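Take a look at the structure set out below.
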Amino acid sequence: MDFSHLFPMKDQYLLQKFVVFKNKLKTYFKGQSNLNVFEQNIIKKIISPAKLGDDDLAIIQILSYLFKPVNIKIPKKTANEDNQKTIKYCMLKPSKLEQASAVIVNIKNSNDIKTTHEQKVNRAFINNLTVQPYIAIVGNIEDASSVLNYYTVIDKIETPIKALDICFKSFHALNLNYPPEAEQVRWFIQDYFF
1 MDFSHLFPMK DQYLLQKFVV FKNKLKTYFK GQSNLNVFEQ NIIKKIISPA
51 KLGDDDLAII QILSYLFKPV NIKIPKKTAN EDNQKTIKYC MLKPSKLEQA
101 SAVIVNIKNS NDIKTTHEQK VNRAFINNLT VQPYIAIVGN IEDASSVLNY
151 YTVIDKIETP IKALDICFKS FHALNLNYPP EAEQVRWFIQ DYFF
């Protein structure tokens, strides 16, 4: 199913609405207290970015942390005494870090892209899941101008907003399910931006 078919005339919505969303988040965060150090540093970059683009990257970083992780149901295939296959389900509650890494990962060196992806594949295999599209940022994520490259599941992208846009649209273009660890984040992107 093509993204343009599912969301007619909305192929540029994320890019267009991101500025409005950014301003709303700035207003929201100005009144927040009781934040951990990570959140405080990210919010500082959103409210008063040191360089152009720092706030865009910071918003994409914190997006997953705005949502409380939820339990996900994972199918486990088992065989009974008669060797008949049955599917049982177990529940898994990802941490906030797991939820965030299902959306965006930071890789310091481009040589580590393959290793990071293999780790995601192995984790997914253990949980009887598949790896879904995600954003990979190569370089120092603390400073948007020192980021070397943006990837959407290993495709080079120019900006973090464009990487988010392509990553989201790829779910629809490739008829994929959202990763269970961050399904509510993806639904938010779909409902708010599209």
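Counted the way full-length UniProt numbering counts, the sequence shown spans residues 1 to 194. Just so it is clear, CB atoms sit at the ideal spot from N, CA and C, and this is done for glycine as well. Predicted model, so just to flag it, every value in this text is computed and none were measured.
Pull the bridge partners of residue i from the DSSP assignment, please.
i    : result
L97  : DSSP, once it has assigned bridges, lists no residue as partnering L97.
A136 : V105 and Y151
I157 : Y150
Closest to residue i by CA distance: which of the options is it?
i    : options                  : result
K88  : Q12, I141, I74 and N106  : I74
Q16  : I161, I62, L35 and S33   : I161
E158 : N23, L174 and A136       : A136
N41  : P179, I141 and E98       : I141
V185 : I59, T116 and I113       : I59
I166 : P8, H5 and L14           : L14
P69  : E181, E118, I47 and F193 : E181
N149 : E183, N127 and I113      : I113
N36  : Y28, Y65, A144 and F171  : Y65
Y178 : H117, M9, T116 and Q132  : Q132
N111 : T27, F29, G139 and L97   : G139
A144 : R123, N106, K30 and Q99  : N106
H5   : L174, W187 and I189      : L174
L97  : I62, K76, Q32 and D11    : I62
A102 : T115, A124, D82 and N34  : A124
P94  : N127, F38 and S33        : N127
Quick one: what's got a C-beta closer than 6 Å to residue i's C-beta in the same chain, skipping five residues either side?
i    : result
K169 : F3
A163 : I135, Y150, T152 and I157
L92  : I72 and I74
F67  : Q184 and V185
I43  : F29
Q99  : S64, P69, E181 and A182
Three-state secondary structure (DSSP) at residue i?
i    : result
L15  : helix
N122 : helix
Y178 : coil
F188 : helix
I166 : helix
L129 : coil
I113 : helix
E183 : helix
F194 : coil
F171 : helix
F3   : helix
For residue i, which residues of its own chain have a beta-carbon under 7 Å away from its beta-carbon, when the five flanking residues on both sides are left out?
i   : result
F7  : F194
T86 : T78 and N80
K26 : I46 and I47
Spatial neighbours of residue i within its chain, please: C-beta separation below 8 Å, excluding the five flanking residues on both sides.
i    : result
L57  : K45, I137, I141, A144, V147 and P160
Y192 : K17 and F21
Mind pulling the alpha helix (DSSP H) runs of 4 or more residues that sit fully within the region 21-106?
-> 37-47, 54-63 and 96-101
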